[in-house]
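Engineer:
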Amino acid sequence: MENRNCQILFEYLKSILYDSQIERPDLANLDSPYEKLGQGLKTLQKWVEEMRTYSADLSKGYLSGISPSEDNPLCMNLKNLHASLNHLTWQAKQVAEGDYSQKVSYLGEFSEAFNTMISQLKEREDQLKAEKAEIEKQAEVLNSYNELLLELTRKQREWIIIVDAATRKIVYCNKRISGCDEVNDKEYCRTCGSRLPFVDKILCWGEKEQLHAWEVNDGDSHYYRVTTFPLEWKKRKAYAHILMDITDEKLEARSLQDKAYHDALTGIYNRVYFDEHMERVLQDGKTVVLGYLDLDCLKTVNDKFGHGEGDEYIRRFISTVQRYFRTTDIFARIGGDEFCLILNNISKKVAEEKLTAAMVEFQGYRDRKYTHGFSFGVTEVRGREERRTLTEIINQVDLAMYECKRKNKEFYKRQQEAADENLGN
Amino acid sequence: MSQNIFLDYKKALTLDDYMKNSMEGRRNLGNQIPITVYRLFENSFREELKETFGEEEQVRIFRSAGFRAGEYFTRNFLDITLPINEFLALLCEKMETLRIGVLHIEEMDRDTGRFILTVSEDADCSGLPMLGETVCSYDEGFLSGILTTYTGKPYTALETDCWATGDRVCRFCVEVSEH
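Protein sequence lines correspond, in order, to chains A and B. To convert a position in the first sequence, counted from 1, into the working numbering, add 1. To convert a position in the second sequence, counted from 1, into the working numbering, add 16.
#1: Tell me whether A:N185 sits in a helix, a strand or coil according to DSSP, three-state version.
#2: In this structure, does DSSP put A:F318 in helix, strand or coil?
#3: Going along chain A in order, which residues have a C-beta closer than 7 Å to the C-beta of B:R115?
#4: Indicate the three-state DSSP secondary structure (helix, strand or coil) for B:G182 in the structure shown.
#5: Could you confirm whether any beta carbon from chain A is found closer than 8 Å to the beta carbon of B:G168?
#6: Name the residues in the segment 90–114 of chain B whose C-beta lies less than 9 Å from a C-beta of chain A; which are they?
#7: Give a yes or no on whether the minimum CB-CB distance between B:V185 and chain A is below 8 Å.
#8: Please list the residues of the segment 144–167 of chain B that have a C-beta atom closer than 9 Å to any C-beta atom in chain A, keeping them in chain order.
#9: Expressed to the nearest angstrom, what Euclidean distance is found between the alpha-carbon atoms of A:K408 and A:D399?
#10: Tell me the rounded alpha-carbon separation between A:L299 and A:G337.
#11: Note the first and the last residue of the continuous beta strand (DSSP E) segment covering B:V151.
#12: Could you check if A:I315 is buried or exposed, using at least 16 other CB atoms within 10 Å of its CB as the buried criterion?
#13: Mind listing the chain A neighbours of B:S136? Cutoff is C-beta to C-beta under 9 Å, in chain order.
#14: Tell me where the beta strand (DSSP E) around A:C341 begins and ends.
#15: Could you tell me how far apart the beta carbons of B:R91 and B:T165 are, in whole angstroms, since I believe they sit closer than 8 Å?
#16: Using a Cβ-Cβ cut-off of less than 7 Å, give me the residues of the segment 117–129 of chain A that come near chain B, in sequence order.
#17: Nearest chain B C-beta to A:E183 closer than 8 Å, yes or no?
#18: For the beta strand (DSSP E) that contains B:F131, what are its first and last residues?
#19: 8 Å is my cut-off, CB to CB: does A:Q95 come that close to chain B?
#20: Less than 8 Å between the C-beta atoms of A:G321 and A:F363, yes or no?
#21: With a cut-off of 8 Å, does the C-beta of A:N144 fall near any C-beta of chain B?
#22: Whole-angstrom Cβ separation of A:N81 and B:G182, contact assumed at under 8 Å?
#23: By the DSSP assignment, the beta strand (DSSP E) with A:S120 in it spans what residues?
#24: Would you give the residue range spanned by the alpha helix (DSSP H) that A:R334 belongs to?
#25: Closest Cβ-Cβ distance between B:E40 and chain C: below 8 Å?
#26: According to DSSP, what are the bridge partners of A:F375?
#27: I want to know whether the segment 281–301 of chain A touches the segment 252–259 of chain A - three or more CB-CB distances under 8 Å.
#28: By DSSP, does A:H223 sit in helix, in strand, or in coil?
And the structure:
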């Protein structure tokens with residue numbers, strides 16, 4: 002009897018400890034002294050089953066499962082572990098929200114590892130915050146620079162136009178009117194549309210030069226200097242064109258050129274222009290007729306009647322000569338009383354006839370109390386056959402002029418004698 | 017013995033008055049006593065109150081006394097100007113430093129102000145035999161006194177698990193009272 006009861010209870014205990022499905026014997030079959038022990042094993046079975054379920058839940062991190070009965074002594078430490086895991090879960094959430102005041106105590110190595118992790122997280126976050134603050138500060142500075150640059154670009158007198166190399170469309174223009182984003186349309190901007198009629202040339206640009214400076218005219222006496230260079234714009238190949246209105250610059254240059262090439266008193270060309278023009282004539286092998294004119298008696302007029310009258314005398318001489326020649330002919334003052342005519346498409350003979358006629362007319366000028374006259378010499382510059390230098394040409398025509406002057410002096414002398422004779426009578 | 021005129025006009029002492037100069041008379045023995053003595057003190061009161069007024073009244077008195085202690089503790093050991101996270105961290109640290117127990121937070125609902133807190137190695141109950149009922153009514157009052165003082169809202173605390181009910185921590189549900 003004793004063996005049978007012991008055997009039943011032993012098998013029951015074994016099943017409680019090792020079997021996943023515990024086989025409980027019919028405790029009613031036990032003899033009286035063993036029945037109490039059987040009841041105790043039944044309670045143990047319940048606690049073991051609770052502990053298995055509870056520990057399985059905790060091992061899987063399932064913290065909201067069924068709690069074991071309050072009086073289960075096998076689960077006490079597991080309950081402690083459960084509470085710690087609950088708290089750790091809350092702590093992890095707090096850390097995720099940036100609460101680095103969390104610390105773990107009394108969990109051995111885990112406490113040390115957790116607390117070290119929190120300390121390092123805080124250190125790194127502080128470091129990142131410092132870096133972020135520095136980056137934000139730098140970004141703020143860069144942003145202000147960028148705004149300044151944009152403002153300067155907008156207020157630039159120059160046009161800055163970026164053209165997509167593939168599509169030939171304008172992708173940026175600093176003169177873009179606010180709200181005008183139709184950059185794909187050639188008429189996208191009234192400013193450019195009306196003021197830059199040559200915009201097609203810009204759109205079609207495709208040269209491979211790194212930097213190209215060119216000038217363009219809008220056909221309406223406006224000039225632009227264009228500086229063009231390739232660049233990458235928003236990861237696409239493009240060309241940048243910087244357009245500067247140089248009309249004023251051109252006009253000023255032209256004005257300076259006029260001043261440099263013209264005689265201030267008479268408005269006709271000066272010695273500088275004459276020399277440069279004649280050098281070009283000789284260099285290009287052109288055929289022209291050169292007239293060398295010397296205004297007679299200028300010194301006498303200046304001395305006797307003053308320089309104002311002398312200037313008037315010069316202007317009258319020029320006016321007289323110009324009437325015999327074309328506006329395309331070059332008339333230059335190369336010295337105080339020396340002048341040159343460069344005549345195209347005319348023979349030497351005709352030139353001499355015209356100058357003679359002009360001379361006669363000038364000599365006949367009677368409104369003043371002094372003699373009017375000029376002397377001249379003429380030579381032909383013979384295109385490619387011409388072998389003389391400009392100096393030699395001038396010297397030669399100067400000789401012819403002196404011959405004319407000699408004759409004129411005799412003429413003036415006779416005129417004076419006739420005048421004196423008339424006064425005597 | 018002649019009458020002491022000063023004692024005739026003495027005012028009633030408050031908790032703050034009693035807590036003053038607590039070190040004055042303990043120059044040699046210091047400010048700590050063993051947990052056994054603390055429990056002897058507490059549980060003798062518990063037993064006497066229970067026998068005199070019944071268990072319900074004893075629990076109410078313990079809870080009410082704990083609330084007073086919680087208020088005093090908050091005013092004198094904590095900093096109510098801190099944000100909630102820092103306040104809780106300081107509370108945990110102080111409770112541990114003063115050997116009251118190891119306070120842990122399991123849940124915190126910022127919208128409703130509801131907390132699930134645990135205290136392990138609690139000075140009142142840890143190690144008690146299995147009694148089948150919670151016994152930490154003093155702690156209930158203590159925790160509700162702390163949070164009431166900090167938030168300015170009326171908090172109550174209810175112990176749901178206790179060493180005496182077979183757990184290894186005391187678990188409290190602490191929330192704003194509807195009344």
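Beta carbons: idealized from backbone N, C-alpha and C, even for Gly.
Structural biologist: Per the coordinate set shown:
#1: Residue placement at A:N185 is flagged as unreliable, the pLDDT there being 44, under the threshold of 50; the coordinate-derived value follows with that caveat. The answer is coil: DSSP assigns A:N185 none of H, G, I, E or B.
#2: Annotated three-state conformation of A:F318 is helix, per DSSP.
#3: The premise fails here: B:R115 is roughly 13 Å from chain A at the closest Cβ pair, so nothing lies under 7 Å.
#4: Coil.
#5: No - not a single Cβ of chain A is within 8 Å of the one on B:G168.
#6: The residues in question are N101, E102, L104, A105, L106, C108, E109, E112.
#7: Chain A, which has a Cβ nearer than 8 Å to the Cβ of B:V185, makes this yes.
#8: The segment 144–167 of chain B vs chain A, Cβ under 9 Å: M146, G148.
#9: Here the alpha carbon of A:K408 sits roughly 14 Å from the alpha carbon of A:D399.
#10: Looking at the backbone, the Cα of A:L299 and that of A:G337 are separated by about 9 Å.
#11: Counting along the chain, B:V151 falls outside any beta strand (DSSP E), and DSSP gives it neither H nor E.
#12: Result: buried.
#13: Identification of chain A residues near B:S136 by a Cβ-Cβ cut-off of 9 Å yields N81, A84, S85, Y107, ordered along the chain.
#14: In the DSSP annotation of this structure, the continuous segment of the beta strand (DSSP E) that includes A:C341 starts and ends at 339–345.
#15: Sure, about 7 Å apart at Cβ, within 8 Å.
#16: Correct list: empty, as no residue qualifies.
#17: At A:E183, the pLDDT of 47 sits below 50, so the modelled position is not reliable and the matter cannot be decided from this model.
#18: Per DSSP, B:F131 belongs to the beta strand (DSSP E) from 130–136.
#19: Nearest CB-CB separation between A:Q95 and chain B: below the 8 Å threshold.
#20: Looking at the sequence itself, residue 321 of chain A is Thr, so the reference to Gly does not match. Yes, Cβ-Cβ distance for A:T321 and A:F363 is below 8 Å.
#21: No, A:N144 does not count as interfacial toward chain B.
#22: With 8 Å as the limit, A:N81 and B:G182 do not qualify as a contact, their Cβ atoms being about 12 Å apart.
#23: If you look at A:S120, you'll find it isn't in any beta strand (DSSP E); it sits in the alpha helix (DSSP H) that goes 109–156.
#24: Careful: A:R334 lies outside any alpha helix (DSSP H), inside the beta strand (DSSP E) at 331–334.
#25: The chain labelled as chain C is not found among the protein chains of the depicted structure, namely A and B.
#26: Beta-bridge pairing links A:F375 to A:L296.
#27: Under the three-pair Cβ rule at 8 Å, the segment 281–301 of chain A does not count as touching the segment 252–259 of chain A.
#28: Of the three classes helix, strand and coil, the one that applies to A:H223 here is coil, per DSSP.
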